[in-house]
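As structure tokens, the structure follows; a few thoughts come after it.
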Amino acid sequence: MANKLNAGDSRTRSSVSIFIVAGLCCFFYLLGAWQRSGFGKGDSIALEVTKNGAACNVIPNLNFETHHGGGAGMIEDSDSNVKEIKPCKPRYTDYTPCQDQNRAMKFPRENMNYRERHCPPQEEKLHCLIPAPNGYVTPFRWPKSRDYVPYANAPYKSLTVEKAIQNWIQYEGSVFRFPGGGTQFPQGADKYIDQLASVIPIENGTVRTALDTGCGVASWGAYLWRRKVITMSFAPRDSHEAQVQFALERGVPAVIGVLGTIKMPYPSRAFDMAHCSRCLIPWGANDGMYMKEVDRVLRPGGYWVLSGPPINWKTNYKAWQRSKEDLEEEQRKIEEIAKFLCWEKKSEKAEIAIWQKRIDADSCRAEQENSGATFCKASDPDDVWYKKMEECITPSDVKGDEASGESIKPFPERLYAIPQRIASGSVPGVSAESYQEDSKKWKKHVNAYKRINKILDSGRYRNIMDMNAGLGGFAAALESPKLWVMNVVPTIAEKNALGVIYERGLIGIYHDWCEGFSTYPRTYDLIHANGLFSLYKDKCDFEDILLEMDRILRPEGAVIIRDAVDVLNKVQKIVRGIRWDFKLTDHEDGPLVPEKILIAVKKYWVAGENNSTSTE
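Heads up: the sequence shown begins at 40 in the numbering used here, then just goes up one per residue.
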């Protein structure tokens, strides 16, 4: 009996074993098929990242705090085949590849052509790491940074002498102090803005985005910030050395730029207010071409402020050392062009004149046609990258609520309201529903980033860049008075949504990442790149893009790259040779999602130091 029972048990165990083995075979067959389909990419990397029991969304060895010197963390998994990228020579400390002074002098001076972007050909690009100057320190946190910049970060004193009586900048020991003055407001930007606010509704959120042409050290934008107005400031890299660099060191949005021969890299109907304070732009020249370009980027109902020459010329012609006749003719031309553009003059007091662009585009168009106006023939007014500026009027192609001005919500309501360009179907492939889903997705992504980098919105990162901004969801989810985001829409992006970003009350710019960005080195605290390398996969060298990211990132600044795992594999091979500490981590939904995240911190090092990029 016992033998029969043992035999029965053996047959039962044998049957169970066969069933288990067969089940496992089926499971692994299906798993293999799933991985071959592409959905299982990156599992080995995910396991490597999470080995030793580390949670997939925790980066234990990266230090996001600043130390003003030394390394910021450790790199795991050293690679003996790393291509080490060497530091550039100290003379390149403030190198701006597309606004290089030596190259600029080879171009014509007419219409400021030589101050525009002139990028080096591939064979002349630098393939080295731009060093920080000796003594470089992390800038002060906002709002202290508005008033103080460490001297070592931008050691240029010329403006302290040239603009001494205008209160632009003062040198005090180891820092520059910015009293808030300007050429047209030596008593301070606050009082000046108060004058503007008596005419322009600055305080109620209606005016949110502003453009400052010829910004100097950007004190106008710096003081507008506390009134919840975000300003895109620009000035050329010229004899006023480092003015844009000072602006960014202060924590104020700015780019190197000039009104010259090509269109501004902004979409049509973007800004609620544009401003020129003694910016020396010849507004009446070339049949008002520069005023027409401002008109293109100014939304219906927006304001244009002009302070300084030629306004109030009767009183100031002697101080300006110009003849009455010259100044009178200049103002006559400006007034004539403004009327032609359907700008209504709202105020002229002392040296400040304010116009408002008419909201009713249809009636304006009829008047312009009767006056024999020339309208631009380009079908897309937002197609501006390296496009020649024209002496024509850009039609205000607005409809429905937008034409009546009712679509512009006050800030912050407009941050998540459906933008008019989406509601009207002007952005192909983007509906109100997909826009809302995108906003929801980016709130989720940013929450995941905050779990990885717990000081993300603490004020540690003031100047932030999104290299492939999409609909602006990343910036919207981060929105805070402690920081601002430069939303970059690549010129090759599938969807041109920069106009949507401005309608949300955010700012941004067009750019081609095969070229250098229009900024100084070390001007951003954090750089975010979502799908950027997939976008440029067959367009330009990943190393060039990463070197440009390194150039514009501050020492101890952070990088977040979100992309497909096969793309990040290529990226990390280059990153290993740059002085960054980095980790790969899983998508917030787990290791089976093929999209991964590379988190990095740039090491602190300065010119002349022989730091090694090998693992420690």
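Think of the CB as a built atom: it goes at the ideal place given N, C-alpha and C, for glycine as much as any other residue. All figures in this text were calculated on a predicted structure; none of them were measured in a lab.
Residue environment analysis places I494 among the exposed positions, since fewer than 16 neighbouring C-beta atoms fall within 10 angstroms of its C-beta.
When the alpha-carbon of Y425 is set against those of P136, R397 and H550, the nearest one is in H550. Around M588, the same chain offers I566 as residues with beta carbons nearer than 6 Å, after the five sequence neighbours per side are excluded. At the C-beta level, A293 and A257 come within 8 Å of one another.
Within a 10 Å sphere around the beta-carbon of M144 sit fewer than 16 other beta-carbons, which makes this residue exposed. Taking a 10 Å sphere around the C-beta of K396, we find 16 or more other C-beta atoms and assign the residue as buried. Close CB contacts of I540 within its chain, under the 8 Å cut and outside five residues either way in sequence, are with A508, L510, G511, A514, N526, V528, I546 and G547 (chain order). In this structure, DSSP gives N325 a helical state, which the three-state scheme calls helix. Excluding the 5 residues flanking it on each side, C127 has same chain C-beta neighbours closer than 8 Å at Y134, L165, C167, L168, I169 and P170, in chain order. As a beta-bridge residue in DSSP terms, I432 pairs with F414.
Ranked by how close their Cα comes to the Cα of I376, the residues D401, A417, M330 and E162 have M330 in first place.
Excluding its 5 nearest sequence neighbours in each direction, G647 has C-beta neighbours in its own chain below 8 Å: P129, P170 and N173, listed in chain order. Taking A412 as the centre and dropping the five residues before and after it, the same chain places the C-beta of I432 closer than 6 Å to its C-beta, in chain order. By the C-beta density criterion, S272 is buried, having at least 16 other C-beta atoms within 10 angstroms. Contact fails between the region 153-160 and the region 234-249, because fewer than three Cβ pairs, one in each stretch, are under 8 Å apart.
Just so you know, the alpha carbons of S470 and C579 end up roughly 31 Å apart.
For R338, the enclosing beta strand (DSSP E) has its first and last residue at L337 to S346. Just so you know, the alpha carbons of K416 and M303 end up roughly 17 Å apart. DSSP places Y563 inside the beta strand (DSSP E), whose first and last residues are Y563 to N569.
Distance from the CA atom of R590 to the CA atom of K576, rounded to whole angstroms, is 21 Å. Around the beta-carbon of K534, fewer than 16 other beta-carbon atoms lie within 10 Å, marking it exposed. DSSP lists F273 as the beta-bridge partner residues of V294. Within a 10 Å sphere around the beta-carbon of E634 sit 16 or more other beta-carbons, which makes this residue buried.
Taken in chain order, the whole beta strand (DSSP E) runs of length 3 or more contained in the region 361-414 are 382-388 and 391-396. In the structure shown, M525 adopts extended strand secondary structure according to DSSP, grouped into three states. At the C-beta level, T530 and L287 stay beyond 8 Å of one another. Look at Y305 here: in three-state DSSP terms it is coil, with no helix or strand label. R266 places its beta carbon 8 Å or farther from that of R185.
Taken in chain order, the complete alpha helix (DSSP H) segments of 4 or more residues contained in the region 119-200 are 140-143 and 183-186.
Looking at the backbone, the Cα of I124 and that of N192 are separated by about 23 Å. Here the alpha carbons of S573 and I208 stand approximately 43 Å from one another. CA-CA distance, L607 to L637, rounds to 7 Å. When the five nearest sequence neighbours on each side are left out, the beta carbons in the same chain lying within less than 7 Å of the beta carbon of S478 are those of Y455, G512 and A515, in order along the chain. At least 8 Å separates the beta-carbon of L537 from that of P225.
Annotated three-state conformation of F556 is coil, per DSSP. Buried is the label assigned to L366, since at least 16 other Cβ atoms lie within 10 Å of its Cβ.
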